[in-house]
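Asks: Numbering (the numbering used here), first residue to last: 2 to 351.
Built from N, CA and C at the ideal position, the CB exists for glycine as well.
#1: Could you check where the alpha helix (DSSP H) with residue 138 kicks off and where it finishes?
#2: Look at the alpha carbon of residue 197 and the alpha carbon of residue 54, and state the distance between them as a whole number of angstroms.
#3: Taking residue 14 as the reference, which of 244, 229 and 142 has the closest Cα?
#4: Go ahead and label residue 351 buried or exposed: buried means 16 or more other beta carbons lie within 10 angstroms of its beta carbon, across all protein chains shown.
#5: Can you tell me the Cβ-Cβ gap for residue 36 and residue 125, rounded? I've got them flagged as a contact below 8 Å.
#6: Which two residues bound the contiguous beta strand (DSSP E) that contains residue 229?
#7: Based on the DSSP output, what are the partners of residue 224 in its beta bridges?
#8: Using CA atoms only, rank isn't needed, just tell me which of 33, 40, 58 and 45 is closest to residue 296.
#9: Take residue 188 as the anchor and find which of 11, 203 and 195 has the nearest alpha-carbon.
#10: Helix, strand or coil: how does DSSP classify residue 272 here?
#11: Can you look up residue 193 in the DSSP assignment and give me helix, strand or coil?
#12: I'd like the ranges of any alpha helix (DSSP H) spanning at least 4 consecutive residues and lying wholly in the stretch 14-81.
#13: Apart from the five residues on each side of it in sequence, which residues of its chain come closer than 6 Å, Cβ to Cβ, to residue 172?
#14: Excluding five sequence neighbours on each side, which residues of the same chain lie with their C-beta closer than 6 Å to the C-beta of residue 127?
#15: For residue 82 and residue 269, which I take to be in contact (beta-carbon distance under 8 Å), what is that distance rounded to the nearest angstrom?
#16: Starting from residue 161, follow the alpha helix (DSSP H) in both directions and report where the run begins and ends.
#17: Could you tell me whether the stretch 277-294 touches the stretch 244-258, where touching means 3 or more Cβ pairs closer than 8 Å?
#18: By the DSSP assignment, the alpha helix (DSSP H) with residue 294 in it spans what residues?
#19: Does the pairing of the stretch 309-322 with the stretch 257-269 give three or more beta-carbon distances under 8 Å?
#20: By the three-class DSSP mapping on this structure, what secondary structure does residue 350 have?
#21: Check whether the Cβ atoms of residue 158 and residue 138 lie closer than 8 Å to each other.
#22: For residue 275, count neighbouring Cβ atoms within 10 angstroms of its own Cβ and tell me buried if that reaches 16, exposed if not.
#23: Against chain D, does residue 313 count as a neighbour if the rule is that its beta carbon must be under 8 Å from one of theirs?
#24: Assuming residue 207 contacts residue 174 under a Cβ cut-off of 8 Å, what Cβ separation, rounded to an integer in Å, is found between them?
#25: Where does the unbroken alpha helix (DSSP H) through residue 134 begin, and where does it stop?
#26: Pick helix, strand or coil for residue 236, following the three-state DSSP scheme.
#27: Check for me: the alpha helix (DSSP H) holding residue 112 runs from which residue to which?
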């Protein structure tokens with residue numbers, strides 16, 4: 002759709018769509034005027050920082066390629082280094098190419114103006130469709146003029162939301178099961194239903210825990226005295242939250258050949274070296290350093306939406322509660338004669 006649209010016809014198509022949904026017939030020009038008044042530059046100069054800030058945003062989509070690692074216990078031949086490389090690196094390459102293609106067709110057909118002014122950091126009301134941000138799928142619907150295209154895009158959007166639920170549920174419940182077996186969560190969390198052959202308790206616990214988050218996302222407003230910050234402003238926090246987990250995981254992988262030498266040498270990846278050093282150490286350190294840079298950018302740049310007072314409270318609170326839970330649970334288990342450090346000290350490859 003975007004690849005076959007002439008740039009010269011976009012303004013008229015968007016105005017027609019705006020009129021059809023009860024908006025202004027001169028929506029495009031009004032959006033331009035409002036964006037300029039709001040500080041948006043139609044011809045911004047080159048900025049290295051702004052260019053680098055794209056990387057953490059792209060990370061939001063690319064990081065999904067790693068989620069299969071949470072389900073290795075259910076993937077055939079998960080111990081195969083080649084299979085893991087194909088699954089994770091292959092997914093990164095394919096997703097990266099698709100994102101690049103989307104960027105090219107969007108830029109050629111529409112340009113960056115509406116995407117930046119009508120969504121994300123600026124989110125100027127006059128540059129949205131009655132409050133609906135102008136994400137790529139919304140823009141494609143606006144310029145399509147075809148009920149079939151609208152139906153297909155809408156169905157794809159729904160299915161994307163569906164797959165996110167599956168990824169979060171399957172991945173996180175497997176983590177919860179591992180924590181339960183590690184004795185850091187109650188034993189009942191890891192119980193497998195004889196009827197469904199899956200850890201139903203973990204799924205139920207995850208669902209119940211999600212309810213207050215959903216309510217907060219849709220209703221909670223944090224008042225600092227000078228501004229009101231909605232919980233929804235933390236949307237990009239999903240990347241930040243996964244990011245600090247990846248940073249810690251990358252560092253753990255880098256240290257694996259030294260902290261668990263026997264386990265590392267028994268793995269198929271131990272034969273790979275870079276300049277004489279274990280490949281996992283080199284790649285892990287690169288991931289650790291790069292991830293730290295991304296996290297710093299998220300925490301210090303308003304364009305990425307996570308440097309508000311509310312964001313600091315939520316992120317800090319999650320880390321604090323997690324640390325307290327681990328320390329208290331570990332001490333409690335030790336008092337009962339269970340040293341959680343020994344549990345899964347060497348995780349089976351499958």
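Replies: To lay it out plainly:
#1: As a first step, residue 138 must be located in the chain shown, where it is residue number 137. 137-145 is the span of the alpha helix (DSSP H), which, as asked, contains residue 138.
#2: In the chain shown, counting from the first residue as 1, residue 197 sits at position 196. In the chain shown, counting from the first residue as 1, residue 54 sits at position 53. Approximately 44 Å, taken between the alpha carbons.
#3: The sequence position of residue 14 within the chain shown is 13, counting from 1. Minimum Cα distance to residue 14 is reached at 142.
#4: Locating residue 351 in the chain shown gives position 350, counting from the first residue. Note that residue 351 has pLDDT 46, beneath the 50 cutoff, so the model's placement of it is unreliable and the number below is only indicative. Exposed is the call here.
#5: Stepping through the chain shown from its first residue, residue 36 is reached at position 35. Stepping through the chain shown from its first residue, residue 125 is reached at position 124. About 6 Å; that satisfies the 8 Å criterion.
#6: The sequence position of residue 229 within the chain shown is 228, counting from 1. From DSSP, the beta strand (DSSP E) with residue 229 extends over 229-231.
#7: Walking along the chain shown from the start, residue 224 turns up at place 223. Answer by DSSP bridge pairing, in chain order: 229.
#8: The residue labelled residue 296 in the question sits at position 295 within the chain shown. With distances taken between Cα atoms, residue 296 lies closest to 58.
#9: Within the chain shown, numbered from 1, the residue matching residue 188 stands at position 187. Checked all of 11, 203 and 195; the closest Cα to residue 188 is 203.
#10: If you number the chain shown from 1, residue 272 lands on position 271. Helix, per DSSP.
#11: Locating residue 193 in the chain shown gives position 192, where the first residue counts as 1. Looking at residue 193 - three-state DSSP - the assignment turns out to be coil, as it is neither helix nor strand.
#12: 28-38, 49-53 and 55-63
#13: The sequence position of residue 172 within the chain shown is 171, counting from 1. Closer than 6 Å at Cβ, skipping near neighbours: 68 and 71.
#14: Reading the chain shown from its first residue, position 126 is the one you call residue 127. The residues are 31, 32 and 35.
#15: Taking the chain shown and counting its residues from 1, one reaches residue 82 at position 81. Taking the chain shown and counting its residues from 1, one reaches residue 269 at position 268. With 8 Å as the limit, residue 82 and residue 269 qualify as a contact, their Cβ atoms being about 4 Å apart.
#16: On the chain shown, residue 161 is found 160 positions in, with the first residue counted as 1. Segment 148-182, the alpha helix (DSSP H) holding residue 161.
#17: yes
#18: Residue numbering aside, residue 294 sits at position 293 when the chain shown is read from its first letter. Here the alpha helix (DSSP H) through residue 294 covers 280-301.
#19: no
#20: Counted from its first residue, the chain shown places residue 350 at position 349. In this prediction, residue 350 has a pLDDT of 45, which is less than 50 and means its spatial position is unreliable; nothing more can be read from the coordinates.
#21: Your numbering for residue 158 matches position 157 in the chain shown. Your numbering for residue 138 matches position 137 in the chain shown. In this structure, residue 138 lies closer than 8 Å to residue 158 by Cβ.
#22: Stepping through the chain shown from its first residue, residue 275 is reached at position 274. Exposed is the call here.
#23: This model lacks chain D altogether; it includes just one protein chain.
#24: What you label residue 207 is simply residue 206 of the chain shown in a count that begins at 1. What you label residue 174 is simply residue 173 of the chain shown in a count that begins at 1. Residue 207 to residue 174, Cβ: 6 Å. Contact.
#25: Against the chain shown, residue 134 aligns to sequence position 133. Taken as a continuous stretch (DSSP letters only), residue 134 belongs to no alpha helix (DSSP H), as it is neither H nor E.
#26: For the purposes of this step, residue 236 is taken as the residue at position 235 of the chain shown. Three-state DSSP puts residue 236 in coil, outside helix and strand.
#27: Mapped onto the chain shown, residue 112 falls at position 111. It is not in any alpha helix (DSSP H) - residue 112 carries neither H nor E in the DSSP assignment.
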